[in-house]
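Note that the numbering used here has the sequence shown beginning at 17, numbered continuously upward.
Beta carbons are placed, not taken as given, at the ideal position from N, Cα and C, and that holds for glycine.
Please read these numbers as outputs of a predicted model, since none were measured by experiment.
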Amino acid sequence: MKHKNILIIMIITIFFTGCSASKEDTLINEGKLALEKHDYTKAQDLLSQVLTIDSTDENARSMYIQAVKMKDSAEYEEKRNYDKSIECLEVIENLKGGSSQIKSEASQKKKELIKLNEEYKKAQEERKENAKDISGQGKYKLEQDAIKENQKQEAIKEEEEQKTQEEENNQQNNQSGNTQDDDTQENTNGTTQTPNNQSSQQNQQPQQQPQV
(Lines of atoms letter the chains of each structure in order from A and count residues from 1; the text may use other names and numbers.)
(Lines give C-alpha, C1' and ligand atoms only; values in the text may rest on other atoms or scores of the structure.)
Protein backbone atom coordinates (compact mmCIF):
# COMPACT_ATOMS: atom_id res chain seq x y z
CA MET A 1 0.00 0.00 0.00
CA LYS A 2 2.78 2.31 0.91
CA HIS A 3 4.60 1.63 -2.34
CA LYS A 4 1.41 2.22 -4.27
CA ASN A 5 0.99 5.70 -2.72
CA ILE A 6 4.56 6.61 -3.61
CA LEU A 7 3.98 5.51 -7.18
CA ILE A 8 0.85 7.62 -7.45
CA ILE A 9 2.70 10.67 -6.15
CA MET A 10 5.49 10.12 -8.65
CA ILE A 11 3.00 9.81 -11.50
CA ILE A 12 1.24 13.01 -10.47
CA THR A 13 4.58 14.83 -10.18
CA ILE A 14 5.71 13.65 -13.58
CA PHE A 15 2.36 14.64 -15.05
CA PHE A 16 2.47 18.17 -13.71
CA THR A 17 6.16 18.49 -14.52
CA GLY A 18 5.42 17.40 -18.07
CA CYS A 19 2.53 19.83 -18.31
CA SER A 20 4.72 22.63 -16.94
CA ALA A 21 7.52 21.82 -19.36
CA SER A 22 5.08 21.70 -22.23
CA LYS A 23 3.65 25.09 -21.26
CA GLU A 24 7.11 26.56 -20.90
CA ASP A 25 8.13 25.34 -24.34
CA THR A 26 4.98 26.79 -25.84
CA LEU A 27 5.58 30.17 -24.22
CA ILE A 28 9.22 30.19 -25.36
CA ASN A 29 8.26 29.42 -28.94
CA GLU A 30 5.51 32.04 -28.96
CA GLY A 31 7.81 34.58 -27.33
CA LYS A 32 10.54 33.95 -29.89
CA LEU A 33 8.05 34.25 -32.75
CA ALA A 34 6.77 37.59 -31.40
CA LEU A 35 10.34 38.80 -30.91
CA GLU A 36 11.37 38.02 -34.49
CA LYS A 37 8.20 39.71 -35.77
CA HIS A 38 9.33 42.81 -33.84
CA ASP A 39 6.32 42.67 -31.50
CA TYR A 40 8.57 43.41 -28.56
CA THR A 41 5.85 44.14 -26.00
CA LYS A 42 4.15 40.78 -26.61
CA ALA A 43 7.50 39.00 -26.58
CA GLN A 44 8.35 40.54 -23.19
CA ASP A 45 5.00 39.39 -21.76
CA LEU A 46 5.37 35.77 -22.97
CA LEU A 47 9.01 35.42 -21.98
CA SER A 48 8.40 36.91 -18.52
CA GLN A 49 5.86 34.09 -17.96
CA VAL A 50 8.55 31.56 -18.86
CA LEU A 51 10.93 33.12 -16.35
CA THR A 52 8.19 32.97 -13.72
CA ILE A 53 7.93 29.23 -14.29
CA ASP A 54 11.70 28.70 -14.55
CA SER A 55 13.95 31.61 -13.57
CA THR A 56 17.04 29.62 -14.64
CA ASP A 57 16.06 29.50 -18.33
CA GLU A 58 18.94 31.48 -19.85
CA ASN A 59 17.59 31.29 -23.39
CA ALA A 60 14.30 32.85 -22.32
CA ARG A 61 16.20 35.49 -20.33
CA SER A 62 18.39 36.37 -23.32
CA MET A 63 15.38 36.72 -25.61
CA TYR A 64 13.62 38.85 -23.01
CA ILE A 65 16.64 41.20 -22.92
CA GLN A 66 16.70 41.24 -26.71
CA ALA A 67 13.08 42.37 -26.77
CA VAL A 68 13.76 45.13 -24.23
CA LYS A 69 16.90 46.45 -25.93
CA MET A 70 15.48 46.34 -29.47
CA LYS A 71 12.51 48.36 -28.27
CA ASP A 72 14.73 50.87 -26.47
CA SER A 73 17.02 51.17 -29.48
CA ALA A 74 14.09 52.04 -31.76
CA GLU A 75 12.87 54.71 -29.33
CA TYR A 76 16.34 56.29 -29.06
CA GLU A 77 16.71 56.24 -32.84
CA GLU A 78 13.40 58.07 -33.22
CA LYS A 79 14.71 60.80 -30.90
CA ARG A 80 17.97 60.93 -32.90
CA ASN A 81 19.93 59.82 -29.85
CA TYR A 82 22.04 57.52 -31.96
CA ASP A 83 24.73 56.94 -29.34
CA LYS A 84 22.23 55.40 -26.90
CA SER A 85 20.58 53.40 -29.66
CA ILE A 86 23.94 51.89 -30.66
CA GLU A 87 24.68 50.98 -27.02
CA CYS A 88 21.45 48.97 -26.84
CA LEU A 89 22.37 47.05 -30.00
CA GLU A 90 25.82 46.29 -28.62
CA VAL A 91 24.22 44.69 -25.55
CA ILE A 92 22.27 42.37 -27.87
CA GLU A 93 25.45 41.46 -29.78
CA ASN A 94 27.22 40.47 -26.57
CA LEU A 95 24.40 38.27 -25.21
CA LYS A 96 24.83 34.51 -24.96
CA GLY A 97 21.85 32.69 -26.40
CA GLY A 98 18.69 34.30 -27.58
CA SER A 99 17.47 34.66 -31.13
CA SER A 100 20.24 34.48 -33.75
CA GLN A 101 17.99 36.40 -36.16
CA ILE A 102 17.69 39.31 -33.72
CA LYS A 103 21.45 39.31 -33.18
CA SER A 104 22.02 39.55 -36.93
CA GLU A 105 19.48 42.36 -37.24
CA ALA A 106 21.08 44.21 -34.33
CA SER A 107 24.54 44.03 -35.95
CA GLN A 108 23.21 45.30 -39.28
CA LYS A 109 21.24 48.08 -37.60
CA LYS A 110 24.29 49.09 -35.62
CA LYS A 111 26.31 49.64 -38.83
CA GLU A 112 23.52 51.78 -40.28
CA LEU A 113 23.25 53.86 -37.12
CA ILE A 114 27.00 54.44 -36.89
CA LYS A 115 27.00 55.90 -40.40
CA LEU A 116 23.84 57.89 -39.69
CA ASN A 117 25.31 59.17 -36.43
CA GLU A 118 28.43 60.43 -38.21
CA GLU A 119 26.33 62.28 -40.79
CA TYR A 120 24.10 63.72 -38.07
CA LYS A 121 27.05 65.02 -36.04
CA LYS A 122 28.65 66.47 -39.17
CA ALA A 123 25.41 68.27 -40.01
CA GLN A 124 25.27 69.62 -36.45
CA GLU A 125 28.79 71.03 -36.75
CA GLU A 126 27.93 72.66 -40.08
CA ARG A 127 24.82 74.24 -38.55
CA LYS A 128 26.93 75.60 -35.69
CA GLU A 129 29.46 77.08 -38.11
CA ASN A 130 26.69 78.61 -40.22
CA ALA A 131 25.12 80.05 -37.09
CA LYS A 132 28.47 81.62 -36.16
CA ASP A 133 28.85 83.11 -39.64
CA ILE A 134 25.33 84.53 -39.57
CA SER A 135 25.93 85.91 -36.09
CA GLY A 136 29.20 87.48 -37.24
CA GLN A 137 27.53 89.04 -40.26
CA GLY A 138 24.77 90.42 -38.08
CA LYS A 139 27.30 91.84 -35.66
CA TYR A 140 29.25 93.45 -38.52
CA LYS A 141 26.05 94.99 -39.91
CA LEU A 142 25.18 96.42 -36.50
CA GLU A 143 28.64 97.90 -36.18
CA GLN A 144 28.43 99.47 -39.64
CA ASP A 145 24.98 100.88 -38.89
CA ALA A 146 26.29 102.34 -35.64
CA ILE A 147 29.23 103.97 -37.46
CA LYS A 148 26.91 105.46 -40.09
CA GLU A 149 24.59 106.79 -37.40
CA ASN A 150 27.51 108.37 -35.53
CA GLN A 151 28.73 110.01 -38.74
CA LYS A 152 25.24 111.31 -39.41
CA GLN A 153 24.95 112.78 -35.91
CA GLU A 154 28.38 114.39 -36.20
CA ALA A 155 27.43 115.95 -39.56
CA ILE A 156 24.23 117.35 -38.04
CA LYS A 157 26.14 118.70 -35.07
CA GLU A 158 28.76 120.30 -37.31
CA GLU A 159 26.06 121.91 -39.45
CA GLU A 160 24.34 123.30 -36.36
CA GLU A 161 27.64 124.70 -35.04
CA GLN A 162 28.31 126.32 -38.43
CA LYS A 163 24.86 127.95 -38.44
CA THR A 164 25.39 129.20 -34.90
CA GLN A 165 28.78 130.68 -35.84
CA GLU A 166 27.27 132.41 -38.86
CA GLU A 167 24.51 133.90 -36.71
CA GLU A 168 27.07 135.17 -34.19
CA ASN A 169 29.14 136.71 -36.99
CA ASN A 170 26.07 138.42 -38.43
CA GLN A 171 25.17 139.83 -35.01
CA GLN A 172 28.69 141.16 -34.52
CA ASN A 173 28.66 142.76 -37.98
CA ASN A 174 25.31 144.41 -37.27
CA GLN A 175 26.53 145.78 -33.96
CA SER A 176 29.70 147.12 -35.58
CA GLY A 177 27.68 148.88 -38.31
CA ASN A 178 25.38 150.52 -35.75
CA THR A 179 28.35 151.77 -33.77
CA GLN A 180 29.93 153.42 -36.85
CA ASP A 181 26.64 155.16 -37.72
CA ASP A 182 26.37 156.58 -34.19
CA ASP A 183 29.97 157.92 -34.33
CA THR A 184 29.34 159.59 -37.69
CA GLN A 185 26.21 161.27 -36.42
CA GLU A 186 28.00 162.62 -33.32
CA ASN A 187 30.83 164.03 -35.41
CA THR A 188 28.40 165.73 -37.75
CA ASN A 189 26.50 167.34 -34.88
CA GLY A 190 29.74 168.71 -33.42
CA THR A 191 31.19 170.37 -36.50
CA THR A 192 28.43 171.35 -38.89
CA GLN A 193 26.67 174.75 -38.49
CA THR A 194 23.40 175.75 -40.01
CA PRO A 195 22.96 179.08 -41.95
CA ASN A 196 20.81 180.49 -39.17
CA ASN A 197 23.65 180.08 -36.73
CA GLN A 198 26.10 181.82 -39.04
CA SER A 199 23.75 184.81 -39.46
CA SER A 200 23.27 185.08 -35.77
CA GLN A 201 26.99 185.16 -35.20
CA GLN A 202 27.41 187.94 -37.76
CA ASN A 203 24.67 190.04 -36.14
CA GLN A 204 26.36 189.69 -32.79
CA GLN A 205 29.65 191.27 -34.03
CA PRO A 206 29.93 195.02 -32.95
CA GLN A 207 29.56 197.64 -35.66
CA GLN A 208 32.59 199.86 -36.17
CA GLN A 209 32.00 203.68 -35.70
CA PRO A 210 33.06 205.87 -38.62
CA GLN A 211 36.05 208.01 -37.85
CA VAL A 212 35.43 211.89 -37.82
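Might you give, ordered along the chain, the residues of its own chain that have their beta carbon closer than 6 angstroms to the beta carbon of residue i, omitting 5 neighbours on each side?
i	result
Lys-127	none
Gln-124	none
Val-107	Lys-85
Ala-59	Gly-47, Ala-50, Leu-51, Ala-83
Got a sec, what are the start and stop residues for the alpha helix (DSSP H) residue i sits in?
i	result
Asn-77	Per the sequence presented here, residue 77 reads as Arg, with Asn not at that position. From DSSP, the alpha helix (DSSP H) with Arg-77 extends over 74-94.
Lys-58	56-69
Lys-229	Because residue 229 is not part of the residues shown, which for the chain are 17 to 228, the question remains open.
With a CB to CB cut of under 7 angstroms and the five nearest residues on each side skipped, what residues in its chain are close to residue i?
i	result
Val-66	Glu-40, Leu-43, Ile-44, Gly-47, Asp-73, Ala-76
Leu-62	Leu-43, Glu-46, Gly-47, Ala-50
Gln-117	Glu-52
Glu-182	none
Gln-140	none
Between residue i and residue j, is the Cβ-Cβ spacing less than 8 angstroms?
i	j	result
Lys-100	Tyr-56	no
Leu-51	Glu-93	no
Arg-96	Tyr-136	yes
Ala-90	Glu-109	no
Mind reading off the beta-carbon distance from residue i to residue j? Whole number of angstroms is fine, and I expect it under 8 angstroms.
i	j	result
Ser-115	Gln-82	6 angstroms
Asn-133	Tyr-98	4 angstroms
Cys-104	Lys-85	4 angstroms
Can you find the residues in the same chain that come closer than 8 angstroms, C-beta to C-beta, to residue i, ignoring five residues on each side of it along the sequence?
i	result
Leu-111	Ser-78, Ile-81, Gln-82, Lys-119
Ile-150	none
Ser-64	Tyr-80
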